[in-house]
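Each position in the first sequence, counted from 1, maps to that position plus 41 in our numbering.
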Amino acid sequence: MVNIVWFRRDFRLHDNTALWHAAKASGEGAVQPVFVFDDEILRHPDTGGAVVSFMLGCLESLREAFAASGVSMRFLHGPPSEQLPLFANAMGARAVYFNKDYHPAAIARDDEVTLALSRAGVEVRSFKDQVIYEERELLAASTGEAYTVYTPYARAWRAKLAAERDAQAGPKLWDAPKLRPFNVEPTLIRGLKLVDLYTTADLGFDPPPALSVPRGEAAARAMLRRWCSGPIKDYAQSRNFPADEDGTSKVSAHLRHGTLSPRQCVRAAMYVRGKSTAFSDGADKWIGELIWREFYQQILFNFPSVVDQPFKAKLANLKWRTDAADFQRWCDGMTGFPIVDAAMRQLNATGWMHNRLRMIVAMFLTKDLRIDYKLGERYFMQRLIDGETAQNNGGWQWSSSTGTDAQPYFRIFNPTSQSRKFDENGTFIRRWLPELSDVPLEFIHEPSAMTPEQQRANQCIIGRDYPVPVVDHQQARLETLAMFKE
DNA sequence: TTTAGATTGAG
DNA sequence: TCAATCTAA
Ligand SMILES: Cc1cc2nc3c(=O)[nH]c(=O)nc-3n(C[C@H](O)[C@H](O)[C@H](O)COP(=O)(O)OP(=O)(O)OC[C@H]3O[C@@H](n4cnc5c(N)ncnc54)[C@H](O)[C@@H]3O)c2cc1C
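Here it is, written out as C-alpha cells:
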C-alpha cells in the first residue's frame, strides 16, 4: 500500500517530518508525493507572481529530486477536499500525510480535507514541521496564555531548546528518507484533475524581473552552508546595513517554501557557534531572528483575528488617509525620499527587501503618508518571494504600532536619519536610483535640499529627474501623533 | 530594532 | 557654535 504525502509549503526531501513518517510507515510500501493547485489560493488578492514563480521553481526541483529516486510526483488542480479523496482512491492509498500550516484559512481547509478523507476511509496524519515550537507549546508562566511580547517569548524559547538538547530530546536530525521507486499511473476517475506542473505564465502571473534568490532545495542548502561558514559571524553588526550583500542570509523565501526547515537553520547556527567563540554573537543574534519568525507564527495561531483586525483592538478605527496617488508613488518608489524609493525598487525588481528597509518603508507608508497598513501589507504579499501572512502581518502591525511592539514610546522613524544611519555612504541608494548618480554624498539622503544651482550642477533637477518629497516629515509626524491620540 | 529637544562642555 | 550626551515619551 502506498502513502500519499501532500506537499504545501515544505518542498524538500531532507528533514521533512511528514515525508519521513510516511516513508517509515510505508515499510515495504512506497510514497506518492502530490501537490494540489488550489484556485482559492491562486485567485486570492494576496497571491502574487513573486511567490508563485518562486514556488514553481521549488516544485520543479522537488519533482526532479523525487524522479532521481524513481518516484513520480503528481500535480492536481481543484479544491483539495475534493481532489485528495479522489486521488487517494485512484492510487489505492492508505493514508495522506502532511505538515501543518497555522494560517486560519489553511487550518479551515485542512479540517475540511481531513473530514473528506476520513469519510472516504483514508487515514490522515499531520505533523509539526515548519516551526520548532508551535501553537501553545510555549505559554507565559504567569498567565498561562500565549506570549504577546517577543523578549520573554524568546527567553522561554531558548530555554526550552537548551533543555531539550541537554536531554538529547531536541529537534530530531532527520535526513532524507530512503525512497522506493514508485511510478504507478493513477486510475482515471471522474472528477480527478491531473495536470502538468504549470509555469508562472500558465497561472497568469509575472515573475519579478530580477529574481534574487535561487530556487529549490539544493540551492537552499548551499545558501545555508555558505552563510554559516562565514558571514553569520558578523551578523550582529552587519544585519542593519542594506548595502552589505552578505549582511543577512536571504533564506527567508526558503523558510517560506520549506526548501529549508527551521531545524536545519538552528542546527547549523548552533554547530558553528559551538565550534568557535568568534561565531557566537552572530549565531545567537541570527537564531533570535528565527525566533521572531516563530513568535509571529505563534501570534497568528493564537490570535487569528490579526488577519483582518489590528492586534491592538482599540486601534480598529484609526482614521487613515485614502490617497490612491500617494499610495502609487510609494509602490513605484517615487516618494522623493531616496531610502524609501531605493527600497521599493529593490522589492519590485527582486522580490526581496532588507529587514531594515521593510521597517522604514512600512513606517513611511503608515506614519508619513498615514495610509492603512493593510494596503502595504497586501502589496508586500503580492511582491515578496518570502511573502507570508504570519511574518508579514506581524511586521506591518509592528511598524504601524497596531501590533505586538512593547516599547513605552510611540515609534516613528525619521526616514532621512534612518538613511544616514544605515546607509551612511549612500551605497544602497545609488545602487537603485540611477537618477541620483551624480548627486554628492552631502545630499544623497535628501536631494531636495540642493539649491537650484546645485541641482543643475549635479544633473538632478528635483521635480523633473527625481520627485519632490511627497510629504513634510515633521508635519506628518505631528498629524500621525494626533491620529493615534484620538 | 527610536526620536526630538534639552543640556552640557569644548573651542 | 556644534556635537556629544541625556531624557521623556
Ligand atoms: C513590514 C515587514 C514585513 C515583513 N514581511 C515578511 C514576510 O512576508 N516574510 C518573511 O519571511 N519575513 C518578513 N519580514 C521579516 C524580515 O524582514 C524578513 O524575514 C527578512 O528580511 C528576510 O531576510 P533574510 O532571510 O536575509 O533574514 P535574516 O536576517 O538572515 O534572518 C533569518 C530568518 O529569520 C526570519 N526573520 C528575520 N527577521 C525577521 C522578522 N523581523 N520577523 C520575522 N521573521 C524574521 C526569516 O525567516 C529570515 O529568513 C517582514 C518584516 C517587516 C518589517
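Ideal placement from N, C-alpha and C gives every residue a C-beta, glycine not left out.
Proximity below 8 Å, CB of residue i to CB of residue j
i	j	result
residue 463	residue 281	yes
residue 391	residue 251	yes
residue 283	residue 377	no
residue 57	residue 134	no
residue 438	residue 430	no
residue 412	residue 368	yes
residue 107	residue 76	no
residue 418	residue 172	no
residue 403	residue 441	yes
residue 307	residue 328	yes
residue 261	residue 300	yes
residue 15	residue 167	As displayed, the chain neither begins before 42 nor continues past 527, which places residue 15 out of reach and without an answer.
residue 277	residue 322	yes
residue 503	residue 488	yes
residue 340	residue 435	yes
residue 499	residue 479	yes
residue 393	residue 526	no
Per DSSP, the bridge partner or partners of residue i
i	result
residue 74	46
residue 167	139
residue 528	Residue numbering for the chain in the displayed model covers 42 to 527; residue 528 lies beyond these limits and cannot be assessed.
residue 503	507
residue 223	112
residue 244	BP columns for residue 244 are empty, so no partner.
residue 180	187
residue 280	In the DSSP output, where bridge partners are listed per residue, residue 280 has none listed.
residue 235	117
residue 134	43
Residue i beta carbon near ligand 1 (any heavy atom closer than 7 Å)
i	result
residue 396	yes
residue 282	no
residue 425	yes
residue 371	no
residue 331	yes
residue 92	no
residue 293	yes
residue 507	no
residue 262	no
residue 428	yes
residue 403	yes
residue 19	Summary: the structure shown does not reach residue 19, with the chain confined to residues 42 through 527, and so no result is reported for it.
residue 388	no
residue 437	yes
residue 432	yes
residue 253	no
residue 265	no
residue 102	no
residue 327	yes
residue 296	yes
residue 399	yes
residue 308	no
residue 290	yes
residue 334	yes
residue 421	yes
residue 440	yes
Counted within 10 angstroms of its Cβ, other Cβ atoms place residue i as buried (16 or more) or exposed
i	result
residue 370	buried
residue 196	exposed
residue 149	exposed
residue 51	buried
residue 420	buried
residue 214	At residue 214, the pLDDT of 49 sits below 50, so the modelled position is not reliable; the number obtained from the coordinates is stated separately. So residue 214 counts as exposed.
residue 451	exposed
residue 47	buried
residue 295	buried
residue 305	buried
residue 312	exposed
residue 298	buried
residue 224	exposed
residue 132	buried
residue 85	exposed
residue 491	buried
residue 382	buried
residue 387	buried
residue 53	buried
residue 346	exposed
residue 493	exposed
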